[in-house]
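Numbering (full-length UniProt numbering), first residue to last: 1 to 213.
Quick look at the structure:
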């Protein structure tokens, strides 16, 4: 889990695409803060600071200073330009650090199998849906595949997850395996019924935000 990051926000008094473009030219990213049955807050955050928090510090949870009041939020949605270089809008959802959330975490493979037996690596699951406390969201699920062998795939139930983290995928779902060329991979089991990546439905946002995205 990454260290706590606090970003200052600037209130937004104008809405619409022109106002959003103006903000981005000033090095700011338009954003909305919602949740916990509180009024939506239209704000802007420093683009460079947010980009550093996401790309370098791998932050998904941070604190926002909104008019002198610090609120803990989850980065629920990020929108980028068509080149994937500039952030154009961000959705922040208010949360408590002890609150359970459902998020998607990337699966990273480490090392290489000692013996492949002529098989090729196949990874049906590149991300895992998990439930965990907001303050304990893992950056990634890392799997050592040194001892992976043909015919012995690694299933979700075999993953060593951090404390407090629960996988929402079916226990028998295959994460990674070795398979012979031309052989269809084992079908990946579906996620538990009703267990999507988000458990709390976001409150409806003001229509003015739709113009910015």
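From the three backbone atoms N, C-alpha and C, an ideal C-beta is built for every residue, glycine too. Note that the structure is a prediction, hence the values are computed from the model and not measured.
Helix, strand or coil for residue i per DSSP?
| i | result |
| --- | --- |
| residue 35 | strand |
| residue 102 | strand |
| residue 134 | helix |
| residue 5 | coil |
| residue 107 | strand |
| residue 97 | coil |
| residue 165 | coil |
Please classify residue i: is it buried, with 16 or more other beta-carbons within 10 angstroms of its beta-carbon, or exposed?
| i | result |
| --- | --- |
| residue 70 | exposed |
| residue 60 | buried |
| residue 26 | exposed |
| residue 106 | exposed |
| residue 30 | buried |
| residue 85 | exposed |
| residue 95 | buried |
| residue 169 | buried |
| residue 115 | exposed |
| residue 12 | buried |
| residue 24 | buried |
| residue 58 | exposed |
| residue 209 | Because the pLDDT at residue 209 is just 49, under 50, the model does not fix this residue reliably, and the point stays unresolved. |
Pick from the options: whose alpha carbon is nearest that of residue i?
| i | options | result |
| --- | --- | --- |
| residue 40 | 32, 56 and 140 | 32 |
| residue 145 | 154, 137 and 138 | 154 |
| residue 118 | 18, 50 and 179 | 179 |
| residue 137 | 176, 97 and 114 | 97 |
| residue 121 | 4, 152 and 102 | 152 |
| residue 35 | 131, 101 and 92 | 92 |
| residue 65 | 128, 46 and 142 | 46 |
| residue 162 | 142, 74 and 171 | 142 |
| residue 68 | 8, 135 and 76 | 8 |
| residue 165 | 135, 148 and 147 | 135 |
| residue 181 | 156, 139, 63 and 150 | 150 |
| residue 54 | 78, 148 and 21 | 78 |
Whole-angstrom Cβ separation of residue i and residue j, contact assumed at under 8 Å?
| i | j | result |
| --- | --- | --- |
| residue 109 | residue 173 | Rounded, the Cβ-Cβ distance is 16 Å, inconsistent with contact. |
| residue 132 | residue 159 | Residue 132 to residue 159, Cβ: 13 Å. No contact. |
| residue 51 | residue 87 | 7 Å |
May I have a chain-ordered list of the beta strand (DSSP E) segments no shorter than 3 residues that lie completely inside the UniProt domain "Large ribosomal subunit protein bL25 L25" (7-92)? If you keep only unbroken beta strand (DSSP E) runs of at least 3 residues inside the UniProt domain "Large ribosomal subunit protein bL25 L25" (7-92), you get 28-35, 38-46, 61-66 and 69-80.
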